[in-house]
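Chains as they are written, first to last, in our numbering: chain Z, 19 to 386; chain L, 19 to 386. Cβ atoms here follow ideal geometry from the backbone N, Cα and C, with glycine treated the same way. Following: one structure in structure tokens, then a few remarks.
2 protein chains.
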Amino acid sequence: MTVKITIDCMGGDHGPSVTVPAAVSFVRSHPDAELVLVGLEEPIRAQLKRAKVVDPREIAALPVVPASEVVQMDDPVEVALRKKKDSSMRVALNLVKDGSAQCCISAGNTGALMAVSRYVLKTLAGVERPALATVMPNRKGYSTVLDLGANVDCEPQHLLQFAEMGHALVAAVDGKERPTIGLLNIGEEVIKGNEVIKRAGELLRASTLNFYGNVEGDDIYKGTTDVIVCDGFVGNVALKTSEGLAQMLTAMIKEEFGRSWMTRLMAVLAWPVLARFKRRVDHRRYSGAALLGLRGVVIKCHGSADAYAFEWAIKRGYDAVKNGVQARLAKAMEENASPLAGTDALSSGASGGSVDPRIALATVSPKV
Amino acid sequence: MTVKITIDCMGGDHGPSVTVPAAVSFVRSHPDAELVLVGLEEPIRAQLKRAKVVDPREIAALPVVPASEVVQMDDPVEVALRKKKDSSMRVALNLVKDGSAQCCISAGNTGALMAVSRYVLKTLAGVERPALATVMPNRKGYSTVLDLGANVDCEPQHLLQFAEMGHALVAAVDGKERPTIGLLNIGEEVIKGNEVIKRAGELLRASTLNFYGNVEGDDIYKGTTDVIVCDGFVGNVALKTSEGLAQMLTAMIKEEFGRSWMTRLMAVLAWPVLARFKRRVDHRRYSGAALLGLRGVVIKCHGSADAYAFEWAIKRGYDAVKNGVQARLAKAMEENASPLAGTDALSSGASGGSVDPRIALATVSPKV
Chain Z
19 MTVKITIDCM
29 GGDHGPSVTV
39 PAAVSFVRSH
49 PDAELVLVGL
59 EEPIRAQLKR
69 AKVVDPREIA
79 ALPVVPASEV
89 VQMDDPVEVA
99 LRKKKDSSMR
109 VALNLVKDGS
119 AQCCISAGNT
129 GALMAVSRYV
139 LKTLAGVERP
149 ALATVMPNRK
159 GYSTVLDLGA
169 NVDCEPQHLL
179 QFAEMGHALV
189 AAVDGKERPT
199 IGLLNIGEEV
209 IKGNEVIKRA
219 GELLRASTLN
229 FYGNVEGDDI
239 YKGTTDVIVC
249 DGFVGNVALK
259 TSEGLAQMLT
269 AMIKEEFGRS
279 WMTRLMAVLA
289 WPVLARFKRR
299 VDHRRYSGAA
309 LLGLRGVVIK
319 CHGSADAYAF
329 EWAIKRGYDA
339 VKNGVQARLA
349 KAMEENASPL
359 AGTDALSSGA
369 SGGSVDPRIA
379 LATVSPKV
Chain L
19 MTVKITIDCM
29 GGDHGPSVTV
39 PAAVSFVRSH
49 PDAELVLVGL
59 EEPIRAQLKR
69 AKVVDPREIA
79 ALPVVPASEV
89 VQMDDPVEVA
99 LRKKKDSSMR
109 VALNLVKDGS
119 AQCCISAGNT
129 GALMAVSRYV
139 LKTLAGVERP
149 ALATVMPNRK
159 GYSTVLDLGA
169 NVDCEPQHLL
179 QFAEMGHALV
189 AAVDGKERPT
199 IGLLNIGEEV
209 IKGNEVIKRA
219 GELLRASTLN
229 FYGNVEGDDI
239 YKGTTDVIVC
249 DGFVGNVALK
259 TSEGLAQMLT
269 AMIKEEFGRS
279 WMTRLMAVLA
289 WPVLARFKRR
299 VDHRRYSGAA
309 LLGLRGVVIK
319 CHGSADAYAF
329 EWAIKRGYDA
339 VKNGVQARLA
349 KAMEENASPL
359 AGTDALSSGA
369 SGGSVDPRIA
379 LATVSPKV
């Protein structure tokens, strides 16, 4: 089966100069992938030329679909939604909606992508608010964290829905029947937190979900639960703070090893280990967050992504399609649903496949 | 001048077995310090005996004031406030209130410490809600971050007050006349964030403070602004998430260097650099967060602190007193105040002194 994915080539800080080379590199290593390049034709073709796409198979695997408008990174949601009806983002999503493609990847403005995706694809039945979900590495493996910035003012029932979507996702892709759910709070005790959190805790305790209870910020990296639920404001701050700290620590290690000729010699001697560590913490390998709760697979890539990171985001979407994540998600939600959860079974890809589904929706850094 | 500090010996997960050895070690290296040990007499005396306190000067520098009750780490605020009137926490704070001591250090339950401090000491005029402030390291030095968990449901005017207190603190202790203030948000643009944050941004822009604008989680570690303001829920999650990530990365470095005899040899060769890095990121050296907005200096130490970390928290209090932080804070708030800020000039210590004031209120990990 060909995996057909639309690429919003104009999204992100760098547009086609990042998205097109990433797409070219991807089809060269994935013969069953077809990446539909959506956007302004001229810069896309220029980048294809630059990437020396002349082989007929490659040309066929990288069709160009023109779109005359571009959603800028600072465009208000209303502009993206109401004024730019021929934007690369919109056209790429339309192709998923009409079944021409199984997935859309965009590094565009998160607010706009969420709004346009929701408008074009619609939400799964029962889902009030889609959420941005990511997999964050921890000591034991990965945790799925949501929401990461799609919803800044949440009611308790929205947090319950995020838990249901997270449960469904992990149950589907990890094969864990009863993944544990943690509610991000400022203490383990039920009396902790603000009113929204306390009420969300009550709803979760009353639900059929495998609710572990409150977790704290450090539990994200301890791997205390399979799923961590929080509102988009808190989730976004946790994610960005993590990015900032990781960058500072990396810079400090460099500084310490660069202090003198002796420490530089030590760095050379320890290089194989340092390189391994660096590779493990390279956030670009976790690029690509999933918009959950929509009738289609949409992967959001960090706006500042380079081609390497964008290619990883394409890989997430590809793996999601190969593993039938959308079908599994809809099915699992139906099975595990509380009265609030969606019951639509919508398939956007074949089940099975050998790709590790645990990383299908991994990311470290969606730009919001 | 003798610096007189009360120690809530019963606070924290470990009580006198941590607090007393820390106090003993501290007076041994600080001849002008007098640490009043407050709590159950028997375990305190047992620890003093164990630490071989026999020198008359040391005995004089470590007077014991009995208190018959203990605020447990999981006691509700009401119990600490209404039932345990002879708790070590309460007695230690009373000694600050009546002028017998200049500062109180406690590793006890944060909610209880905040409530009892507020009840005993009262807030500075104009301060609606005291806040828990910390100094977090960044690439350029330090940023003062508040609130870290004292206030979970904040109104916009509370965030403005935190900014005013943070401004006053940094202006006072760092000698920066116009420290920059950042509002922790999920994007730089003014349209970002929830309603409380947007309104707080408006209040900050309209204030006389040197408001930089919105900052994101990674700006904490970039050092974008001198002060970072957030509600206690978000601040606590950012802090705990940072702790968790730092611990995970440290564990990963260990893992990579422990993989084989060859990597272990590399670790030995690189040891001087690794030890230096480890020391730089040791969060125990940043132990001790300040409760700002009270009529007295109160330092909260992490509940799980060991003696080394608790001694650093004592050092924070000692430095705060030596540098006349309370007087400077009250004075600076009066000078820089918006109509909301306090105007009480309350001195709790002499000005001047040679201790680096930038670390006077530093911490990484108050347990909430």
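Alpha carbon of residue i to alpha carbon of residue j, nearest angstrom
{"i": "Z/Val97", "j": "Z/Asp300", "result": "34 Å"}
{"i": "L/Asp31", "j": "Z/Glu220", "result": "28 Å"}
{"i": "L/Asn127", "j": "L/Gln90", "result": "7 Å"}
{"i": "L/Leu312", "j": "L/Thr152", "result": "15 Å"}
{"i": "L/Glu195", "j": "L/Ala186", "result": "9 Å"}
{"i": "Z/Val71", "j": "Z/Leu80", "result": "9 Å"}
{"i": "Z/Arg297", "j": "L/Ala149", "result": "39 Å"}
{"i": "Z/Ala110", "j": "L/Arg157", "result": "40 Å"}
{"i": "L/Ala264", "j": "Z/Ser86", "result": "46 Å"}
{"i": "Z/Met183", "j": "L/Leu178", "result": "36 Å"}
{"i": "Z/Asp104", "j": "Z/Asn169", "result": "26 Å"}
{"i": "Z/Met280", "j": "L/Ala285", "result": "15 Å"}
{"i": "Z/Gly167", "j": "L/His48", "result": "49 Å"}
{"i": "Z/Lys67", "j": "Z/Val114", "result": "27 Å"}
{"i": "Z/Ser161", "j": "L/Gly144", "result": "44 Å"}
{"i": "L/Gly193", "j": "Z/Leu309", "result": "47 Å"}
{"i": "L/Ser135", "j": "Z/Ala348", "result": "52 Å"}
{"i": "L/Ile209", "j": "L/Pro197", "result": "24 Å"}
{"i": "L/Ala189", "j": "L/Ile199", "result": "11 Å"}
{"i": "L/Ile271", "j": "Z/Leu99", "result": "46 Å"}
{"i": "Z/Val163", "j": "L/Asp73", "result": "56 Å"}
{"i": "Z/Ala288", "j": "Z/Asn212", "result": "47 Å"}
{"i": "Z/Ile317", "j": "L/Val315", "result": "50 Å"}
{"i": "L/Met19", "j": "Z/Pro290", "result": "55 Å"}
{"i": "Z/Leu222", "j": "Z/Ala181", "result": "8 Å"}
{"i": "L/Ala293", "j": "Z/Ser278", "result": "15 Å"}
6 Å Cβ shell around residue i - same chain, five flanking residues per side excluded
{"i": "L/Lys216", "result": "none"}
{"i": "L/Cys319", "result": "Ala125, Ser305, Gly306, Phe328, Ala331"}
{"i": "L/Tyr326", "result": "Arg302"}
8 Å Cβ cut-off: residues of chain B touching residue i
{"i": "L/Glu261", "result": "Protein chains in the displayed structure are Z and L, and chain B is not among them."}
Residues of its chain near residue i, where Cβ-Cβ distance is below 8 Å and the 5 sequence neighbours each way are ignored
{"i": "L/Ile23", "result": "Ala51, Glu52, Leu53, Val54, Ala119, Gln120, Cys121, Cys122, Ile123, Ile332, Gly335, Tyr336, Val339"}
{"i": "Z/Lys140", "result": "Leu312, Arg313"}
{"i": "Z/Glu76", "result": "Val42, Val45, Arg46"}
{"i": "L/Asp249", "result": "Asp165, Asn169, Val170, Asp171, Cys172, His176, Leu177, Val214"}
{"i": "Z/Thr88", "result": "It should be pointed out that residue 88 of chain Z corresponds to Val in this sequence rather than to Thr. Met28, Gly33, Gly57, Leu58, Lys102, Ser105, Ser106, listed in sequence order."}
{"i": "Z/Glu273", "result": "none"}
{"i": "L/Val233", "result": "Gly200, Leu201, Leu202, Asn203, Glu206, Thr242, Thr243, Ile246"}
Close-in-space but distant-in-sequence residues of the same chain around residue i (CB under 7 Å, 5 per side omitted)
{"i": "L/Asn112", "result": "Val138"}
{"i": "Z/Arg303", "result": "Trp330"}
{"i": "Z/Asp93", "result": "Asn127, Ala130"}
{"i": "Z/Met35", "result": "The amino acid at residue 35 of chain Z is misidentified as Met; the sequence shows Ser. Cβ neighbours of Z/Ser35 beyond the five flanking positions: Gln65."}
{"i": "Z/Val56", "result": "Thr24, Ile25, Asp26, Cys27, Val83, Ala85, Ser106, Val109, Ala110"}
{"i": "Z/Gly276", "result": "Arg282"}
{"i": "Z/Val38", "result": "Cys27, Leu55, Ile62, Gln65, Leu66, Ala69"}
{"i": "L/Val252", "result": "Leu202"}
{"i": "L/Gly321", "result": "Gly30, Asp31, Met91, Ala125, Lys385"}
{"i": "Z/Ala15", "result": "Since the first residue of chain Z shown is 19 and the last is 386, residue 15 of chain Z is not available in this structure."}
Heavy atom of the ligand MG within 7 Å of residue i beta-carbon
{"i": "L/Thr37", "result": "The ligand content of the structure shown is nil, which means the ligand MG is not present either."}
**OP:** Jot down the residue ranges of each uninterrupted beta strand (DSSP E) in the segment 222-303 of chain Z, minimum 3 residues, whole runs only, in chain order.
**Re:** 229-233, 245-247
**OP:** Only counting runs of 4 or more residues, tell me where the alpha helix (DSSP H) segments fall wholly within the segment 71-121 of chain Z, in order along the chain.
**Re:** 74-79, 106-115
Subject >> Three CB pairs or more closer than 8 Å across the segment 331-345 of chain Z and the segment 111-131 of chain Z >> reply: yes
Original post:
Would you call the segment 221-235 of chain Z and the segment 226-244 of chain L in contact, with 3 or more CB pairs under 8 Å?
Top reply: no
Original post:
At a Cβ cut of 9 Å, what residues of the segment 56-89 of chain Z count as close to chain L, listed as they run along the chain?
Top reply: none
Original post:
Should the segment 170-185 of chain Z be regarded as contacting the segment 257-269 of chain Z, the criterion being three or more beta carbon pairs within less than 8 Å?
Top reply: no
**OP:** Mind checking the segment 164-195 of chain L against chain Z and listing, in chain order, the residues whose C-beta falls within less than 8 Å of any C-beta there?
**Re:** Gly167, Val170, Asp171
Subject >> Where the segment 122-149 of chain L meets chain Z: residues whose CB sits under 7 Å from a CB there >> reply: none
**OP:** Below 9 Å between beta carbons is the criterion; list the residues of the segment 292-325 of chain L that meet it against any residue of chain Z, in chain order.
**Re:** Leu292, Arg294, Phe295, Arg298, Val299
**OP:** Note down, in chain order, all residues in the segment 238-260 of chain L with a beta-carbon under 8 Å from any beta-carbon belonging to chain Z.
**Re:** Ile238, Tyr239, Lys240, Cys248, Gly250, Phe251, Val252, Asn254, Val255, Ala256, Leu257, Lys258, Thr259, Ser260
Original post:
Taking a cut of 8 Å between CB atoms, which residues from the segment 92-112 of chain Z lie near chain L?
Top reply: Asp92, Pro94
Subject >> beta strand (DSSP E) segments (min. 3 residues) lying fully within the segment 151-215 of chain Z >> reply: 160-164, 199-202
Original post:
At a Cβ cut of 7 Å, what residues of the segment 271-291 of chain Z count as close to chain L, listed as they run along the chain?
Top reply: Ile271, Glu274, Phe275, Thr281, Met284, Leu287, Ala288, Val291
Original post:
Mind listing which residues of the segment 217-230 of chain Z have their C-beta closer than 9 Å to chain L's C-betas, in chain order?
Top reply: none
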